[in-house]
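Notes to accompany the following structure.
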Amino acid sequence: MIIDCHGHYTTAPRELELFRDRQLAGLADRSRRPPSATLGISDDRIRESLETAQLKFQRERGTDVTIFSPRASGMAHHVGDAATGALWARVCNDLIHRVSTLYPGNFVGVCQLPQVPGVPPNNCIAELERCVKELGFIGCNLSPDPSGGYWTDPPLTDRSWYPLYERMVDLDVPAMVHVSSSCNPCFHATGAHYINGDTTAFMQFLSSDLFKRFPTLKFIIPHGGGAVPYHWGRYRGLAQDMKRPPLAEHLLNNVFFDTCVYHLPGIELLARVIPIDNILFASEMVGAVKGIDPETGHYFDDTKRYIDQASSLSAEDRSKIFERNARKVYGRLNAVLAQRGLARVSS
Ligand SMILES: [Zn+2]
12 MIIDCHGHYT TAPRELELFR DRQLAGLADR SRRPPSATLG ISDDRIRESL
62 ETAQLKFQRE RGTDVTIFSP RASGMAHHVG DAATGALWAR VCNDLIHRVS
112 TLYPGNFVGV CQLPQVPGVP PNNCIAELER CVKELGFIGC NLSPDPSGGY
162 WTDPPLTDRS WYPLYERMVD LDVPAMVHVS SSCNPCFHAT GAHYINGDTT
212 AFMQFLSSDL FKRFPTLKFI IPHGGGAVPY HWGRYRGLAQ DMKRPPLAEH
262 LLNNVFFDTC VYHLPGIELL ARVIPIDNIL FASEMVGAVK GIDPETGHYF
312 DDTKRYIDQA SSLSAEDRSK IFERNARKVY GRLNAVLAQR GLARVSS
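Residues in the sequence shown are numbered from 12 upward in steps of one, following my numbering.
Laid out in structure tokens, this is it:
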């Protein structure tokens, strides 16, 4: 089985965006608020939105299950207030639940959290619990910068995060560290802000003792870990200078990297530098980079090809990257897949 741990509902029907537009217009003028949280999207519209995109690519590329969450740039934690953020997260997460109910063999849900700049993240616990316990979700996306590019909130190691981390541990769900859109013109969203977020989160973890306090807390750093694998020597050296343990002991029971690196040399470096046990297959299709690479004739985000091609990887390595590591990091995934009758293919 090939599990893609990083997909967003980038192709959601436009009614979702219209709801958001009205919700935000309602902040200035209450009469413009959406009358209800019902989107008016039929099951057929959801099917249409997926059949020509995510499902088509799953079939063409030979992947099986996508761990699926709301569109990351749409989270926009920096817009609105706590009440609109809470409703927005709920509406987006409910739509993901409908997707995974319509296609239980293809999608497993991960939730958006109602983070708000300046608000302690324990306001996210109720939605996390609802999504995990009632909707069968297996993780969450957690932004290290809900301000959208201005980094006005405390680091991920701040004590204000602890109540949320305690619930994540209790529920056995990991978080993917994932920023949303950038409202800072210095930072292009997917080209700079995303990679900044990934790299910054890693350095925050490195310079703390967070995982001594939470030894089973797990994070996936997407986009290949940002700049981290390329600069692994720098981080090893910084850990040494800061009198921290070696990185394998200090972070690698808790921090994992995905394969959303859009060329073969990048994947080869990732697999050479980062232990195979810490790498999870992902593509982030559809949307982060949409085009076809003229050098290969294939989509940049067809990351399975790079794993297939990387000559240093053994069959055992591939089995871990494609399936087994995801089953390990997402503690609830095995039960969800078994409940849906999806057998383990490799062992
Ligand atoms: Zn993403």
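C-beta: ideal position from N, C-alpha, C; glycine also.
Quick caveat, the model's predicted, so the values are computed rather than measured.
May I ask you to report which of helix, strand or coil DSSP gives residue i?
i, result
"Gln123", "strand"
"His17", "strand"
"Thr77", "strand"
"Cys135", "helix"
"His89", "coil"
"Tyr310", "strand"
"Ser52", "A small correction: the amino acid at residue 52 is Ile; Ser does not occupy that position in the sequence shown. Three-state DSSP puts Ile52 in coil, outside helix and strand."
"Leu153", "strand"
"Met187", "strand"
"Leu359", "Only positions 12 to 358 of the chain appear in the structure, and residue 359 is not among them; the question remains open."
"Gly347", "Residue identity differs from the one stated: residue 347 is Val in this sequence, not Gly. Here Val347 sits in helix by DSSP."
"Asp304", "strand"
"Glu28", "helix"
"Phe118", "strand"
"Asp9", "With the chain running from 12 to 358 in the structure shown, residue 9 is simply not present."
"Ile285", "coil"
"Trp243", "helix"
"Phe216", "helix"
"Phe230", "strand"
"Lys223", "helix"
"Thr201", "helix"
"Lys331", "helix"
"His274", "coil"
"Leu175", "helix"
Quick one, are the C-beta atoms of residue i and residue j less than 8 angstroms apart?
i, j, result
"Val340", "Phe267", "yes"
"Cys194", "His89", "yes"
"Arg247", "Leu262", "no"
"Leu280", "Pro240", "yes"
"Leu249", "Ala212", "no"
"Glu26", "Ile52", "yes"
"Ala83", "Asn152", "yes"
"Asn336", "Ile290", "yes"
"Ile149", "Arg338", "no"
"Ser171", "Pro132", "yes"
"Ile206", "Pro174", "no"
"Thr77", "Asp15", "yes"
"Ile231", "Asp269", "yes"
"Leu98", "Ala48", "yes"
"Asp209", "Gly237", "yes"
"Leu124", "Ala100", "yes"
Can you tell which of the options has the C-alpha that lies nearest to the C-alpha of residue i?
i, options, result
"Gly308", "Asp328, His274, Val297, Ala337", "His274"
"Phe118", "Arg338, Glu140, Ile107", "Ile107"
"Val130", "Gly160, Asp92, Ala212", "Asp92"
"Gly116", "Asp75, Asn207, Leu153", "Asp75"
"Phe333", "Ile287, Glu306, Lys301", "Ile287"
"Leu59", "Tyr20, Gln350, Leu228", "First, the amino acid is wrong: residue 59 is Glu here, not Leu. Minimum Cα distance to Glu59 is reached at Tyr20."
"Gly352", "Arg101, Tyr114, Asp32", "Tyr114"
"Gly85", "Val272, Leu324, His189, Glu62", "His189"
"Cys271", "Val102, Gly235, Thr22", "Gly235"
"Leu146", "Arg109, Leu124, Leu348", "Arg109"
"Gly322", "Phe311, Val102, Arg283", "The identity of residue 322 in the sequence shown is Ser, whereas the question assumes Gly. Ranking Phe311, Val102, Arg283 by Cα distance to Ser322 puts Arg283 first."
"Leu228", "Met214, Met179, Arg255", "Met179"
"Pro276", "Phe198, Phe311, Phe30", "Phe311"
"Arg255", "Ser218, Ser42, His242, Ile285", "Ser218"
"Gly96", "Asp304, Val184, Gln34", "Gln34"
"Asp54", "Thr112, Leu38, Phe216, Ile13", "Thr112"
"Phe79", "Asp105, Phe198, Ser192", "Asp105"
"Asp183", "Asp220, Asn265, Ala200, Gly202", "Asn265"
Going by the C-beta, is residue i closer than 7 angstroms to any heavy atom of ligand 3?
i, result
"Gly18", "Summarising the ligand content, the structure contains ligand 1 and does not contain ligand 3."
Closest Cβ-Cβ distance between residue i and chain C: below 8 angstroms?
i, result
"Val143", "The chain inventory of the structure shown lacks chain C, comprising one protein chain alone."
Is the stretch 154-162 touching the stretch 135-145, taking contact as three or more C-beta pairs under 8 angstroms?
no
Contact between the stretch 58-74 and the stretch 293-306 (3+ Cβ pairs under 8 angstroms):
yes
Any residue with its Cβ nearer than 5 angstroms to a heavy atom of ligand 1 should be included. What is that list in chain order?
Ala83, Glu295
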